[in-house]
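Protein chains: 2
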Amino acid sequence: MEPQIDVVGIGNAIVDVISTVTAGFIDDHGLVKGAMTLIDADRATSLYELMPPGIESSGGSAANTVVGLVSLGGRAAYVGKVRDDQLGAVFVHDLRAAGVAFDVVPGTDGPPTARCLIQVTPDAERTMNTFLGKSVDLAPDDVDEEVVASAAVTYCEGYLWDAEVAKAAMRRAMDIAHAGGRKVSLTLSDSFCVDRHRDEWLDLLTDRVDLVFANEAEICSLFRTDDFAAASRWIRDMVEVSALTRSASGSVVVAGDDTWMVPAAEVDRVVDATGAGDLYAAGFLYGISHGADPEQCARLGGLAAAEVISHIGARPRQSLSSLIH
Amino acid sequence: MEPQIDVVGIGNAIVDVISTVTAGFIDDHGLVKGAMTLIDADRATSLYELMPPGIESSGGSAANTVVGLVSLGGRAAYVGKVRDDQLGAVFVHDLRAAGVAFDVVPGTDGPPTARCLIQVTPDAERTMNTFLGKSVDLAPDDVDEEVVASAAVTYCEGYLWDAEVAKAAMRRAMDIAHAGGRKVSLTLSDSFCVDRHRDEWLDLLTDRVDLVFANEAEICSLFRTDDFAAASRWIRDMVEVSALTRSASGSVVVAGDDTWMVPAAEVDRVVDATGAGDLYAAGFLYGISHGADPEQCARLGGLAAAEVISHIGARPRQSLSSLIH
C-alpha cells in the first residue's frame, strides 16, 4: 500500500525556554556549551531562577523536524508524550496548528511536560539543559500501529533512548515500519547521547536503521575517533544512507559507493543555532519523500536549516515551501 | 523621605501568546484589529485552536513598562496577580529576572494565569484578545503600602479598571501614593477601554492623576471627539502632565501652558507593534525620575518604543540603557 504520509517523527515532546545570555553565564554556572545535558526537576528550577527573562517556544528535536517537513509541503505525524498541563497544551497546539497529525493522549499524572532550558550565547551557539518530565513516559502503547504503518519513513530521535520505556516504544515503531516495508531513520542527536548508547546504537544502526543523521561530533563519537573521513567510511558500511552535517561547511551524504559533498546555504546572520540539525533532517526527508537525489536532499536540508538559524527558536517562522519554489 | 524606587507598576499580570497571521485571519474570525478585546475562557480556548503556532512571552502593559524602566537603568516594582500555575511561574520568573521587585503571592485557587492571544499581521499591527483569568483577582490587600510609598511614581494601567476588586486595589495604591507625597500616573490603555470607563476616568484624571499617557485614539475617545487638538486642550486643563502618542508621528507633551512636539525615533523595520505604548511610558518615566525635561522624556520614550517594535514581543531584547548612553 502506498504510504499516506511522508514521515512520522518519534521523540521527546518538549517546550523550549530560550534566553539570550553572555558567554560568561555558561562558565559561571558550569554548563556544557553546545551540548544537551539532562537535568532533574530541582536543577531545572534552580537553573531557571538564574536565567534572564526568556520566551517559550515548542521544541523537541523530532517535533521540530516534522513541523519543518510540513512547512515544506510534506505530510507528517508525531508520536510523543506531554502532561495535561499548560505547557503540554502549548506543545499540542503548536504541533497541530502547524499541520502535524498528533493524537497521543496527554498523561494525567506523573511529572509535568518536559522543558528544555536553552541559553543562546552571542556566538549564536545554543546550550541545552533538558528536564525530560513526562516525555520519557512514552510507552509502546502510545505508538499507533496504523500511523506508523502509513508513513514512508519513521524518524526516531536518539535523545529518546535515555528512557527504557520510551526505548521500547521506539523499537516497536521500528518493527511496525519494517514489517510494512517502510524505512527507518535515526538521528544520533548529540555526541554525549552517542557516548551513553554507543554499543546499542552500533547494533541498532546495523540491524534496523536505513537512514542516519549525525553531525561531525556525533559520528566521530560513535566510532571513538577524531577522523571524520574514517567515521564516514565506517558508517557507509553499516547504513544504506548517511547524512552527515558539518555546520557552516555543509554536509556529506554517503550511500553505498557514492559520496555527495554539499555546501551550506548562505545565511545573512546566524542568530540562534537551535534546531539546525532538526531542520536539516526536515529538508532531507522532504527530498527523500519527493524523489529527490541525495545531493538535492542535502541542499533542501541546508535551506531549511538556514531559515531556522536566522532567528530565535527551533521552528520555522516562514513557510519553508516558499523558500524552495 | 526620598523615594527608594522610581516606579511601581500596577496592572494585569499576563502571558502573551503571539502568532503571526495573515490579514485575512483577523476578518475571518471577527477580531477587532489593533484593539484589546476581552474574551472569556471558552473563547480563549476556541480562538487559540484557530491560531497558527505561536511563542509565549511575558506581557501585561504595566509589567512591560517596569521591565523597560529597569532596562534603562531605573528601579522598579510591580503589583499584579497570577495563579500558581506554569504560565504564572513564567511571568514571575521573567519579571524578577529582569530586575523588577515583585512580591505579590500567586493565587492558589480560581482561574488560571491571564493570557493574551495576540495576532500580528503583516503590517506589524497587533490585535489582542485577553482572557483576564487570575489577574482581575488583584485585591487591595495585594498592594503593599511600603512598596507604593517607596516609589516616586505609581503607574496604573487602565486595563485593570475592568474588574471591581482590582479597581479598588488601584484606588488604594493611588491613595497611598498621594498620602506619601508621590505622583500618580495612569495610562488610558485602549480606546475601547476608555469607552467603558469614560465618566469615571474623567473624574479620576481630574482628582487623582498627575501624569497621563494616551495615544491619539484614546484621548479622542475620552472626550468623544475626532479633534486631537481639542482633546489635547481639554486634557491640559485636567492633568499636570499629559504624554500623547501618535504612532509614527511621534508624541506631544502638554503641561500647563507648555507644549512639546517630539518626532518618533527611527526604526529600520517595524515587526510587531506590541508594547510600543508600554515602552514609550518606560522611557518617559525614566526621564521623569532622572530629572529630564518633558522633551527629553518624550525622546527617551520614543527610543524605548523603537526597540520593542523592531522585534516580536513586548519586552526589550537588548539593554535599553545601551541605546541611550
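So the protein lines, in turn, are chains A and B. Every number in the working numbering is 1 more than the matching position in the first sequence, counting from 1. Every number in the working numbering is 1 more than the matching position in the second sequence, counting from 1. Don't be surprised by glycine CBs; every beta carbon is placed ideally from N, CA and C.
The segment 307-318 of chain A touching the segment 59-71 of chain A, judged by at least three CB pairs closer than 8 Å: Yes, since at least three Cβ pairs between the segment 307-318 of chain A and the segment 59-71 of chain A fall closer than 8 Å, the two stretches touch.
Where the beta strand (DSSP E) through B/K168 begins and ends: To locate residue 168 of chain B, count along the second sequence from 1; it is residue 167. For B/K168, there is no enclosing beta strand (DSSP E); the residue is part of the alpha helix (DSSP H) that begins and ends at 165-180.
To the nearest angstrom, report how far apart B/D110 and B/L139 are at their CA atoms. By 1-based counting over the second sequence, the position of residue 110 of chain B is 109. By 1-based counting over the second sequence, the position of residue 139 of chain B is 138. If you draw a straight line from the Cα of B/D110 to the Cα of B/L139, it is about 13 Å long.
For chain B, find out if any of its Cβ atoms is closer than 8 Å to the Cβ of A/V91; answer yes or no. In the first sequence, residue 91 of chain A corresponds to position 90, counting from 1. For A/V91, the answer is yes, since a Cβ of chain B falls inside 8 Å of its Cβ.
Kindly identify the DSSP beta-bridge partner or partners of A/C157. In the first sequence, counting from the first residue as 1, residue 157 of chain A sits at position 156. Under DSSP, the beta-bridge partners assigned to A/C157 are A/I11, A/L187.
So, with DSSP's three-state summary, where would you put A/I313? Indexing the first sequence from 1 puts residue 313 of chain A at position 312. In the structure shown, A/I313 sits in coil (DSSP, three-state: anything other than H, G, I, E or B).
According to DSSP, is B/D294 part of a helix, a strand, or is it coil? Position 293 of the second sequence holds residue 294 of chain B. Three-state DSSP puts B/D294 in coil, outside helix and strand.
If you draw a straight line from the alpha carbon of A/Y79 to that of B/S151, how long is it in whole angstroms? The residue you call residue 79 of chain A lines up with position 78 of the first sequence. The residue you call residue 151 of chain B lines up with position 150 of the second sequence. Across the structure, A/Y79 and B/S151 are spaced so that their CA atoms are roughly 53 Å apart.
Looking at B/Y49 and B/L133, is the spacing between their C-beta atoms short of 8 Å? Taking the second sequence and counting its residues from 1, the one referred to as residue 133 of chain B is at position 132. Taking the second sequence and counting its residues from 1, the one referred to as residue 49 of chain B is at position 48. Taking 8 Å as the Cβ cut-off, B/L133 and B/Y49 do not qualify as a contacting pair.
Span of the alpha helix (DSSP H) holding A/I27? As a position in the first sequence, residue 27 of chain A is number 26, starting the count at 1. Annotation: the continuous alpha helix (DSSP H) that includes A/I27 extends over 24-29.
List the residues of chain B whose Cβ lies closer than 7 Å to the Cβ of A/L88, in chain order. One-based indexing of the first sequence puts residue 88 of chain A at position 87. By Cβ distance, chain B contributes Q87.
Any C-beta of chain B sitting closer than 8 Å to the C-beta of A/H198? For this step, residue 198 of chain A is matched to residue 197 along the first sequence. For A/H198, no Cβ of chain B is located within less than 8 Å of the residue's own Cβ.
Name the DSSP beta bridge partners of B/A244, please? Position 243 of the second sequence, counted from the first residue, corresponds to residue 244 of chain B. B/A244 pairs with B/F214, B/V254.
Rounded to the nearest angstrom, what separates A/G100 and B/T46 at their Cα positions? Here the question's residue 100 of chain A lines up with position 99 in the first sequence. Here the question's residue 46 of chain B lines up with position 45 in the second sequence. Rounded to the nearest angstrom, the two C-alpha atoms are 18 Å apart.
A/R316: contacting residues in chain B (beta-carbon distance under 8 Å): Start at 1 with the first residue of the first sequence, and residue 316 of chain A comes out as number 315. Simply P54.
Who are B/Q120's beta bridge partners in DSSP? For this step, residue 120 of chain B is matched to residue 119 along the second sequence. The partner list for B/Q120 (beta bridge, DSSP) reads B/S20, B/T128.
Contact with chain A by B/S136, beta-carbon distance below 8 Å: For the purposes of this step, residue 136 of chain B is identified with residue 135 of the second sequence, where counting begins at 1. Taking 8 Å as the threshold, the shortest C-beta distance from B/S136 to chain A does not fall below it.
Which residue spans inside the segment 80-108 of chain A form an unbroken alpha helix (DSSP H) run of at least 4? Taken in chain order, the complete alpha helix (DSSP H) segments of 4 residues or longer contained in the segment 80-108 of chain A are 87-98.
From the beta carbon of A/Y49, is the nearest beta carbon of chain B less than 8 Å away? As a position in the first sequence, residue 49 of chain A is number 48, starting the count at 1. Among the CB atoms of chain B, one or more fall inside 8 Å of the CB of A/Y49.
According to DSSP, what are the bridge partners of B/C192? Taking the second sequence and counting its residues from 1, one reaches residue 192 of chain B at position 191. Rather than Cys, the amino acid found at residue 192 of chain B in this sequence is Ser. In DSSP, B/S192 forms no bridge with anything.
Please state the DSSP three-state secondary structure of A/E267. Counting from one through the first sequence, the residue named residue 267 of chain A turns up at place 266. Of the three classes helix, strand and coil, the one that applies to A/E267 here is coil, per DSSP.
For the beta strand (DSSP E) holding A/L39, just list the boundary residues, first then last. Position 38 of the first sequence, counting from 1, holds the residue named residue 39 of chain A. Element bounds for A/L39: 37-39.
Taking 8 Å as the cut-off, does the segment 64-74 of chain A touch the segment 8-15 of chain A (at least 3 CB pairs, one atom from each stretch)? Contact between the segment 8-15 of chain A and the segment 64-74 of chain A is present: 3 or more CB-CB pairs across the two stretches fall below 8 Å.
Have a look at B/V154, B/A249, B/H198, B/P123 and flag the residue whose alpha-carbon is nearest the alpha-carbon of B/R183. Counted from its first residue, the second sequence places residue 183 of chain B at position 182. Each of B/V154, B/A249, B/H198, B/P123 was checked against the Cα of B/R183, and the nearest Cα belongs to B/V154.
Anticipated Cβ contact below 8 Å, B/A249 with B/A265, distance rounded: Walking along the second sequence from the start, residue 249 of chain B turns up at place 248. Walking along the second sequence from the start, residue 265 of chain B turns up at place 264. By a beta-carbon distance limit of 8 Å, B/A249 contacts B/A265. Their separation comes to about 5 Å.
Hey, is B/E126's beta-carbon within less than 8 Å of any beta-carbon in chain A? The residue given as residue 126 of chain B occupies position 125 in the second sequence. At a cut-off of 8 Å, the C-beta of B/E126 has no neighbouring C-beta in chain A.
Relative to the alpha-carbon of B/R225, which residue among B/T246, B/R199, B/E308, B/L245 has its alpha-carbon at the smallest distance? Counting from one through the second sequence, the residue named residue 225 of chain B turns up at place 224. Looking at the Cα atoms, B/R199 is the closest of the given residues.
Give me the Cα-Cα distance between A/A180 and B/P107, rounded to the nearest whole angstrom. Taking the first sequence and counting its residues from 1, one reaches residue 180 of chain A at position 179. Taking the second sequence and counting its residues from 1, one reaches residue 107 of chain B at position 106. Rounded to whole angstroms, A/A180 to B/P107 spans 53 Å at the Cα level.
Short CB-CB distance (under 8 Å) between B/H94 and chain A: In the second sequence, the residue the question calls residue 94 of chain B occupies position 93. With 8 Å as the cut-off, B/H94 counts as an interface residue toward chain A.
Helix, strand or coil for B/T275, going by three-state DSSP, please let me know. As a position in the second sequence, residue 275 of chain B is number 274, starting the count at 1. DSSP places B/T275 in coil when its eight states are reduced to three.
How would you list, in chain order, the residues of chain A whose beta-carbon sits under 8 Å from the beta-carbon of B/A99? Taking the first residue of the second sequence as 1, we reach residue 99 of chain B at position 98. In chain order: P53, P54.
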